[in-house]
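Scroll down for the structure; my scribbles are underneath it.
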Amino acid sequence: LVCEIAQDFKTDLRFQPSAVMALQEVSEVYLVSLFEDTKLAAIHAKHVCI
């Protein structure tokens, strides 16, 4: 996905595998944190679903 988005801006970009893995790790950590916060907000509002 990162490579596809980058191609929209500049067609001759290349990414090292380690850079792609780092972006994946950071994205996963961010999304997990976002869902944890969303779950806490749902619990606070006494909602069952998010």
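Once you know that position 5 of the sequence shown is 5 in UniProt numbering, the rest is easy, because the numbers rise by one and skip nothing. All residues carry an ideal CB built from backbone N, CA and C; glycine is no exception. Keep in mind that this is a model prediction, so the values were computed, not measured.
Val26, DSSP secondary structure in three states:
Residue state, collapsed to three classes: helix.
Check whether Leu23 and Val2 have beta carbons under 8 Å apart:
yes
Give the straight-line distance between the Cα atoms of Glu4 and Thr38, rounded to the nearest whole angstrom.
Cα-Cα distance, rounded: 29 Å.
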